[in-house]
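Input: a single structure, listed below in structure tokens.
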Amino acid sequence: MYWQLTLCDNLNFNDEKRYDKDDDKNDMINLQNGLEDLELKQTIVKNDVPELLEIIDDSVTVESPIVDIEYNEIDDHSCMSDKKIIEILLKRYKTHKTPSEEGVTVWIEVWVQEVNSVNEMTSDFDMDIYVTELWIDKALRYDDMNPCKYNLSLSNEILDQIWKPNTVFINSKSANIHRSPFTNLFLMIYPNGTVWANYRVQVKGPCQMDFTSFPMDEQTCLLTFESFSYNNQEVDMRWINTKEPLILLKDEILLPDFVLSNYNTSIALVSYPAGIWNELTMTFTFTRRYGWYIFQAYVPTYLTIFISWISFCLSVKMIPARTMLGVNSLLALTFHFGNIMRNLPRVSYVKAFDVWMLSCLSFVFCSLLELAIIGSINARSEITTVKKPLKKRYRSSSIHGSCKHSPITCHKEIENNITIRSISAIRSNQKEETLLLDSNDIRTSRNEQLRKVHLSFRKYASSWTADRIDRISIILFPSLFTIFNIVYWSYYLSRSR
27 MYWQLTLCDN
37 LNFNDEKRYD
47 KDDDKNDMIN
57 LQNGLEDLEL
67 KQTIVKNDVP
77 ELLEIIDDSV
87 TVESPIVDIE
97 YNEIDDHSCM
107 SDKKIIEILL
117 KRYKTHKTPS
127 EEGVTVWIEV
137 WVQEVNSVNE
147 MTSDFDMDIY
157 VTELWIDKAL
167 RYDDMNPCKY
177 NLSLSNEILD
187 QIWKPNTVFI
197 NSKSANIHRS
207 PFTNLFLMIY
217 PNGTVWANYR
227 VQVKGPCQMD
237 FTSFPMDEQT
247 CLLTFESFSY
257 NNQEVDMRWI
267 NTKEPLILLK
277 DEILLPDFVL
287 SNYNTSIALV
297 SYPAGIWNEL
307 TMTFTFTRRY
317 GWYIFQAYVP
327 TYLTIFISWI
337 SFCLSVKMIP
347 ARTMLGVNSL
357 LALTFHFGNI
367 MRNLPRVSYV
377 KAFDVWMLSC
387 LSFVFCSLLE
397 LAIIGSINAR
407 SEITTVKKPL
417 KKRYRSSSIH
427 GSCKHSPITC
437 HKEIENNITI
447 RSISAIRSNQ
457 KEETLLLDSN
467 DIRTSRNEQL
477 RKVHLSFRKY
487 ASSWTADRID
497 RISIILFPSL
507 FTIFNIVYWS
517 YYLSRSR
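Going by our numbering, the sequence shown opens with residue 27, and the numbers climb by one from there.
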């Protein structure tokens with residue numbers, strides 16, 4: 027009979043059970059009732075179950091640590107006590123010798139009790155787990171000693187006196203067996219020599235931190251289990267032959283920033299100078315809970331961007347107010363960005379939140395650039411407006427200021443002056459053009475083209491008024507920001523899935 031035990035306060039479930047000669051069947055019924063009272067899961071294995079289990083490789087067979095209890099008749103007066111059995115077993119036991127010259131298969135099962143933390147700054151995670159180790163040690167077999175009990179629950183001091191596979195978390199930063207208030211180590215030995223050791227351990231392991239998609243990121247953390255002293259020729263480490271060698275004792279593990287979204291196990295062969303070792307790896311995937319960042323990081327930046335757009339609705343002449351809105355928005359974004367990134371480690375690559383903040387800063391900067399452009403256009407238009415009446419006054423004063431005679435005489439003088447100036451201008455232009463054509467015709471054509479381009483540009487620029495640029499900006503900026511949001515969220519949310 028084989029008991030597959032779930033976590034229970036008392037694993038020594040049949041310390042008080044004995045079998046009488048006259049009523050064997052009744053005692054078996056009482057044993058089963060005792061199991062139900064202790065809330066243990068019982069699995070009955072028939073006698074025809076093979077002693078060899080096939081796992082990992084179809085061509086590899088290993089002896090299974092099945093607790094095979096045969097209900098033989100026991101004489102209460104002649105059965106051997108636990109203390110006597112342990113004395114006999116340890117008296118002839120050799121700790122340095124492996125249980126089998128052909129190697130020992132050690133079965134591993136892990137129960138995750140709690141994940142305490144995931145630390146981005148130190149790239150590690152901390153958790154409490156139960157580690158179960160099962161192996162067969164024929165030197166501890168006592169089924170021929172007429173035991174009073176069919177399993178021996180022993181203290182952790184006995185574990186130091188028998189052979190152990192010396193399993194360790196090879197990549198852990200720290201690992202400690204809990205002491206609350208005593209060493210949390212469970213040891214049980216069955217009559218066929220099966221040793222069951224269970225530890226409650228607090229372990230801190232490394233995480234492969236990747237903040238590319240932060241805050242929509244997933245972090246992978248690993249724990250690797252192997253024998254420190256024996257290669258796979260001496261100790262063959264394997265996950266226990268069940269559907270789930272890694273079990274969560276809670277339905278869901280939630281942390282302030284993360285949730286445990288996936289976990290799995292794997293086995294690998296690793297070559298060292300001393301031989302080949304079996305490595306059992308547990309992989310935990312933690313998905314960040316980014317709801318906090320939506321309200322604390324993204325929503326404030328949305329509001330800051332919207333505030334910077336208010337300047338487009340203000341008058342062109344309100345330059346100081348518009349400048350204050352733009353500069354304050356830029357400073358608010360910069361301060362907010364630094365406050366969020368202060369709690370993250372420095373990395374050399376661009377994160378999703380970096381893309382967001384730099385894009386938002388670019389939008390605010392462009393709004394300030396638009397303000398500078400319309401300020402320049404507005405100032406130029408004001409200068410032009412002031413110059414036009416001054417030119418008209420100057421022309422009228424220059425023409426009429428030299429006329430000292432009657433209006434009729436003055437009018438004739440003006441006409442004569444205009445005629446003389448026109449003729450002289452035409453003659454001088456003809457002379458200049460002739461000289462230029464004779465000297466360099468190509469340069470003249472280029473200058474003419476540049477002059478035409480300059481005139482056309484001035485004509486085109488004069489059509490862009492400050493009000494027109496504001497009307498375009500109040501439509502263009504929100505449209506571009508909406509397109510950016512669609513691309514940003516579609517890309518990074520698809521990566522997180």
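By construction, the Cβ of each residue, glycine as well, lies at the ideal position given by its N, Cα and C atoms.
Nearest to residue i (by Cα), restricted to the options the options
i	options	result
E146	I273, T327, C247 and Q259	C247
E305	L213, A294 and V342	A294
V141	L280, E474 and F510	L280
S334	A323, Y324, A347 and Q322	A347
V221	T360, K164 and T250	K164
L213	F195, S206 and K190	K190
N192	V229, V144, T238 and E252	E252
G231	T131, L185, Y319 and S149	S149
K543	F151, L519 and I155	As shown, the chain starts at 27 and ends at 523. That puts residue 543 outside it, with no answer to give.
Y225	F237, A201 and N218	A201
L394	G352, L370, M344 and H204	G352
E278	T313, T349, L384 and E127	T313
I21	P241, D243, T209 and E159	Since the first residue shown for the chain is 27 and the last is 523, residue 21 is missing from the structure and cannot be characterised.
S385	N369, M242 and Y328	Y328
V227	G219, P125, I203 and N218	I203
N218	C392, P125 and K377	P125
Y298	E270, I273 and F254	F254
Y514	F240, E135, H122 and V136	F240
D229	F151, V136, C392 and T238	A small correction: the amino acid at residue 229 is Val; Asp does not occupy that position in the sequence shown. If we check each option's Cα against that of V229, F151 comes out closest.
Backbone CA spacing between residue i and residue j [nearest angstrom]
i	j	result
Q234	M367	19 Å
Q187	L180	11 Å
P173	S107	6 Å
Y176	E260	29 Å
N257	G317	47 Å
N182	S374	48 Å
L519	I266	37 Å
L506	W303	57 Å
V130	L166	14 Å
M350	W382	23 Å
P326	I509	19 Å
R118	V144	48 Å
P504	M344	22 Å
W133	N369	41 Å
K377	F321	18 Å
F379	R205	43 Å
R521	N197	28 Å
Alpha helix (DSSP H) segment containing residue i, residue limits
i	result
L506	A492 to S522
N182	N182 to L185
E113	D108 to K117
Neighbourhood of residue i by C-beta distance below 7 Å, restricted to the same chain and skipping five residues each side
i	result
S516	none
A492	V342, I400, I403 and N404
R315	D283, F284 and V285
Q139	D154, I155, Y156 and L275
Endpoints, the beta strand (DSSP E) within which residue i is located
i	result
M263	V261 to W265
P232	T220 to Q234
S297	F284 to Y298
M153	D150 to I162
W189	Unbroken run through W189: none, as it is neither H nor E.
I196	That residue, I196, is in no beta strand (DSSP E); it is neither H nor E in DSSP.
A165	A165 -> no beta strand (DSSP E), and no H or E assigned at all.
C247	E244 to S253
E278	Where E278 is concerned, there is no enclosing beta strand (DSSP E), given that its DSSP letter is neither H nor E.
Cut-off 8 Å between Cβ atoms - residues of its own chain near residue i, not counting five sequence neighbours on either side
i	result
I495	E396, I399, I400 and I403
S407	T491 and A492
I82	Any reading at I82 is ruled out, since the residue's pLDDT is 33, under 50, leaving its predicted position unreliable.
I111	Y168, M171, P173 and L178
F361	none
Contact test: residue i Cβ vs the ligand HEM heavy atom, cutoff 7 Å
i	result
E128	Ligands in the displayed structure: none, and consequently the ligand HEM is not present.
Beta-carbon proximity list for residue i, same chain, < 6 Å, skipping 5 on both sides
i	result
R323	Looking at the sequence provided, one finds Ala at residue 323 rather than Arg. Correct list, in chain order: I366.
A358	T330
N73	Note that N73 scores a pLDDT of 33, beneath 50, so its modelled location is shaky; the value from the coordinates is reported in the next line. Nothing listed; no residue qualifies.
T268	none
L249	F195, G231 and M308
S355	T330, I333, S334 and V390
L387	L359
L185	L213
N605	Nothing can be reported for residue 605, as the shown portion of the chain is limited to 27 through 523.
**Study point:** Segments assigned alpha helix (DSSP H), at least 4 residues, entirely inside the segment 330–384
**Key:** The segment 330–384 contains these whole alpha helix (DSSP H) runs: 345–367.
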